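Trainee: Please read through the structure below; I'll follow up with questions.
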DNA sequence: CCCAATTGCTTAAACGATTAAGCCGAACGT
DNA sequence: ACGTTCGGCTTAATCGTTTAAGCAATTGGG
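Protein chains in written order, with full-length UniProt numbering: chain A, 1 to 328; chain B, 1 to 328.
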């Protein structure tokens, strides 16, 4: 049995296996279609060559595509991926983490859910390799790959200002997650940097658990004031979908009554009667880089954490066109 | 060590373990936070409690949602899911199958790609448990859960006829897969059963590898004839997305110039300026049932295959409203 | 009082792969 | 000729768990 192992792992030289028997072993192995048993290998080596991918919401096309990229990239590196969706829920996230730790995944790629900071700290303390994707905690030193959410939102805000919009609102999640805070900060600073005093009532925070009603209420409030907003930034894809549906119901005209810019990307934005300007995150690069960082981390667990920010691209469409041109 | 195993597996009675030591073992186990090693368990038992899910295209929201349901349901049964996307490609599907077999998954749930019939036959010959989902091969006796694609398409066709449309086209994939044949058959029979002689040029088959150009060409041809179609059924979600984009470009009015019914479901259909009538497949039930069948199969490998067809629901929206009412 | 059954615990083999260590014979050097 | 080295192959321990089998000591019946 030992010889078989040596030969099939290409250690014939180091282990001084004879030419003759080496050949015979190879031949017989291929005749029998021998496949080594991953479990036994893993049990012995302590490496499963499996990555746990925990994402916040698989039904969101952004994350679904991230999952796809991560899976492909992991395969290129010889890893299998086990995907779990935490559904933006810290408890489910914890369960998933435990299941996957129990399954001895070699490491994690995580899109963190709300209130999951302690889980990240736990992984760090336990020295379980992981890379945060898209969302990270500035208070914890970790590897991460993320979009520069601040700058993306800032660019969106500036774009609307430059196109002549004066009262620019944002609907965001009522979330403590850093990426959401950054999006809000970018939006606010885009206004103030461009001589538009930010008004508190332009910013609405919607609870993720009551997104439909929340978005409706937010839009109602924004439009009901004496000076209704003339442009709106949706801080996430789901907010945009709900918001656009409601805007349709209200028979508001985009961009005539309300210009729109949204985070996220999806076919839905192309099909809207007025194609939606959106922030395109570099999905492929994000996913690939996350896998690369994790693989690196698995090779040298002691290395300094890599922290990578990438730029989102503002894809400009009709929903935010220059105000003076609207209704032409 | 043996005692530990007995106690922690609740076999204290059968294996006559003393009360005293049993209690001590439990206490110590919980103190140490003992977690059994899945790999060792699997190596010994030959069961990994892992299901391989191979889907045709993870970036399609229908399949993404299927994946989510399957994952949740599997977890309820104590199984972990490894997801792979074959991207509608038989070779990638074969690779995935091999990787997962090598990982000793207990069984598969498969949404088959084109030309993957032999792979299914292979699994059957090797007696590897599996359940086909959404797509199946009538020539091979297997477990499957699927929508009744024939009836769904038939209902869509009848609906359009009843609403006064006379020249009803379909854009389908150029695929030999049975579900696609069934959708086409349903569409054709809906017409002929309702005294509308089917015209060959109403049916266009688009190659999946060139979907964008294919759909454009198909629509061009359909609209260019002397008697252009007045209603169109998209046989899949992706066809619809591409088709609707092009219909927008052509500035065709839905349903005035062209009524639309599509398979699949997505936010995009709600956001379209004229909400799209679509066939809603019972995603939750399909996924749950697939897991249940597989779990059953894993328990009794010899049982007769279960073959389950479910009904799609036609969700009627403005895109197919009664022709006489259009433009009111 | 002795053999049998029962109870409570220990040993060890097995799953499949890896790998250090051991063993034997041939070649080689002095 | 004798010790050393090397090539070529075999043994066995290990990973963590399960489970059949074995072994004492205690209890029970006749």
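No residue lacks a Cβ here, since even glycine has one placed at the ideal position from N, Cα and C.
The model shown is predicted, which means the values in this text are computed figures rather than measured ones.
#1: Under 8 Å: do the stretch 202-211 of chain B and the stretch 148-163 of chain B share three or more Cβ pairs, one atom per stretch?
#2: Can you tell which of 183/B, 49/B, 18/B and 4/B has its C-alpha closest to the C-alpha of residue 30/B?
#3: DSSP state of residue 167/A, grouped into three classes?
#4: Per DSSP, which residues does residue 308/B bridge with? Please list them.
#5: Would you check if there are 3 or more beta carbon pairs closer than 8 Å linking the stretch 113-129 of chain B to the stretch 85-94 of chain B?
#6: Tell me which same chain residues have a C-beta within less than 8 Å of the C-beta of residue 185/B, skipping the five on either side of it?
#7: Going along the chain, which unbroken runs of the alpha helix (DSSP H) with 4 or more residues stay wholly within the stretch 226-287 of chain B?
#8: For the alpha helix (DSSP H) that contains residue 314/A, what are its first and last residues?
#9: So, at 7 Å on beta carbons, what are the nonlocal neighbours of residue 21/A in its own chain, with the 5 sequence-adjacent residues on each side left out?
#10: So what does DSSP say about residue 136/B, is it helix, strand or coil?
#11: In this structure, does DSSP put residue 207/B in helix, strand or coil?
#12: Give the straight-line distance between the Cα atoms of residue 109/A and residue 221/B, rounded to the nearest whole angstrom.
#13: How many angstroms separate the CA atom of residue 328/B from the CA atom of residue 255/B?
#14: List, in chain order, every chain A residue whose beta-carbon is nearer than 9 Å to that of residue 142/B.
#15: Buried or exposed, going by whether 16 or more other CB atoms sit within 10 Å of the CB of residue 204/B?
#16: Is there at least one Cβ from chain A nearer than 8 Å to residue 74/B's Cβ?
#17: Of all the CB atoms in chain B, is at least one closer than 8 Å to the CB of residue 121/A?
#18: Please report whether the beta-carbon of residue 206/B lies at a distance below 8 Å from any beta-carbon of chain A.
#19: What whole-angstrom Cβ distance do residue 215/B and residue 167/B have, given they're in contact under 8 Å?
#20: Helix, strand or coil for residue 173/B? Go by DSSP, reduced to three states.
#21: For residue 311/A, which residues in the same chain have their Cβ closer than 8 Å to its Cβ, ignoring the five residues on either side in sequence?
#22: Nearest-angstrom Cα distance between residue 47/A and residue 99/B?
#23: Please report how far the alpha carbon of residue 274/A lies from the alpha carbon of residue 67/A, in whole angstroms.
#24: In chain A, which residues lie with their C-beta within 7 Å of the C-beta of residue 270/B?
#25: By the criterion of Cβ-Cβ separation under 8 Å, what are the contact partners of residue 104/A in chain B?
#26: What in chain B is Cβ-close to residue 85/A, meaning under 8 Å?
#27: For the stretch 289-306 of chain A, which residues have a beta carbon sitting closer than 7 Å to at least one beta carbon of chain B?
#28: If the cut-off is 7 Å on Cβ atoms, which residues from the stretch 88-114 of chain B count as contacting chain A, listed in chain order?
#29: If you follow the beta strand (DSSP E) that residue 108/A is part of, which residue opens it and which one closes it?
#30: Let me see if you follow: with CB-CB separation under 8 Å, is residue 42/B close to chain A or not?
#31: Residues of chain B with a CB under 7 Å from the CB of residue 65/A: which are they?
#32: Taking all protein chains shown into account, decide if residue 322/A is buried (16 or more other Cβ within 10 angstroms of its Cβ) or exposed.
#33: Would you mind telling me which residues of chain A sit closer than 7 Å to residue 273/B, beta carbon to beta carbon, in chain order?
#34: Going by other Cβ atoms of all chains shown within 10 Å of its Cβ, with 16 needed for buried, is residue 9/B buried or exposed?
#35: Got a sec, what are the start and stop residues for the beta strand (DSSP E) residue 186/A sits in?
#36: Mind checking if residue 55/A is an interface residue toward chain B, Cβ cutoff 8 Å exclusive?
Mentor: So, from the listed chains and residues:
#1: no
#2: For the purposes of this step, residue 30/B is taken as the residue at position 30 of the second chain. The option with the nearest alpha carbon to residue 30/B is 4/B.
#3: Sequence index remark: in the first chain, residue 167/A carries index 167 (1-based). Coil.
#4: Along the second chain, read from residue 1 onward, the residue named residue 308/B stands at position 308. Bridge partners of residue 308/B: 145/B.
#5: yes
#6: To locate residue 185/B, count along the second chain from 1; it is residue 185. Contacts found: 150 and 153.
#7: 237-249 and 267-271
#8: Numbered from its first residue, the first chain carries residue 314/A at position 314. Not the alpha helix (DSSP H): residue 314/A falls in the beta strand (DSSP E), residues 313-315.
#9: One-based indexing of the first chain puts residue 21/A at position 21. Excluding residues within five positions, the ones whose Cβ falls inside 7 Å are 3.
#10: If you number the second chain from 1, residue 136/B lands on position 136. Residue state, collapsed to three classes: coil.
#11: Against the second chain, residue 207/B aligns to sequence position 207. If DSSP states are grouped into helix, strand and coil, residue 207/B belongs with coil.
#12: Numbered from its first residue, the first chain carries residue 109/A at position 109. Numbered from its first residue, the second chain carries residue 221/B at position 221. Roughly 47 Å separates the two Cα atoms.
#13: Your numbering for residue 328/B matches position 328 in the second chain. Your numbering for residue 255/B matches position 255 in the second chain. Residue placement at residue 328/B is poorly supported in this model, since its pLDDT is 47, which falls under 50; the coordinates are not used for a value here.
#14: Translated into positions along the second chain, residue 142/B becomes position 142. Result: empty, since nearest Cβ-Cβ is about 23 Å, beyond 9 Å.
#15: Numbered from 1 along the second chain, position 204 holds the residue referred to as residue 204/B. Looking at its Cβ environment, which holds 16 or more other Cβ atoms inside 10 Å, residue 204/B is buried.
#16: Within the second chain, numbered from 1, the residue matching residue 74/B stands at position 74. No - not a single Cβ of chain A is within 8 Å of the one on residue 74/B.
#17: Your numbering for residue 121/A matches position 121 in the first chain. Not one chain B Cβ lies under 8 Å of residue 121/A.
#18: Translated into positions along the second chain, residue 206/B becomes position 206. Closer than 8 Å: no.
#19: On the second chain, residue 215/B is found 215 positions in, with the first residue counted as 1. On the second chain, residue 167/B is found 167 positions in, with the first residue counted as 1. About 18 Å separates the two Cβ atoms, so there is no contact after all.
#20: Reading the second chain from its first residue, position 173 is the one you call residue 173/B. Three-state result, residue 173/B: strand.
#21: Locating residue 311/A in the first chain gives position 311, where the first residue counts as 1. The residues are 147, 148, 151, 152 and 282.
#22: The residue given as residue 47/A occupies position 47 in the first chain. The residue given as residue 99/B occupies position 99 in the second chain. Each residue's Cα considered, the two are about 16 Å apart.
#23: For the purposes of this step, residue 274/A is taken as the residue at position 274 of the first chain. For the purposes of this step, residue 67/A is taken as the residue at position 67 of the first chain. Rounded to the nearest angstrom, the two C-alpha atoms are 29 Å apart.
#24: Along the second chain, read from residue 1 onward, the residue named residue 270/B stands at position 270. Going along chain A in sequence order, the residues near residue 270/B (Cβ under 7 Å) are 245.
#25: The residue given as residue 104/A occupies position 104 in the first chain. Within 8 Å Cβ-Cβ: 37, 38 and 39.
#26: Counting from 1 along the first chain, the entry for residue 85/A is found at position 85. The contacting residues are 68 and 71.
#27: none
#28: 99, 102, 103 and 104
#29: Along the first chain, one-based indexing puts residue 108/A at 108. Where residue 108/A is concerned, the enclosing beta strand (DSSP E) stretches over 107-110.
#30: Against the second chain, residue 42/B aligns to sequence position 42. Yes, because at least one Cβ of chain A sits closer than 8 Å to the Cβ of residue 42/B.
#31: In the first chain, the residue the question calls residue 65/A occupies position 65. Neighbours of residue 65/A on chain B, chain order: 59.
#32: Residue numbering aside, residue 322/A sits at position 322 when the first chain is read from its first letter. So residue 322/A ends up on the exposed side.
#33: Position 273 of the second chain, counted from the start, is the residue given in the question as residue 273/B. Residues of chain A passing the Cβ test: 273.
#34: Here residue 9/B refers to the residue found at position 9 when the second chain is read from its first residue. Classification of residue 9/B: exposed, given that the 10 Å Cβ count is below 16.
#35: The count along the first chain starts at 1 and reaches residue 186/A at position 186. No beta strand (DSSP E) holds residue 186/A; the alpha helix (DSSP H) holding it covers 178-192.
#36: Here the question's residue 55/A lines up with position 55 in the first chain. So, not an interface residue.
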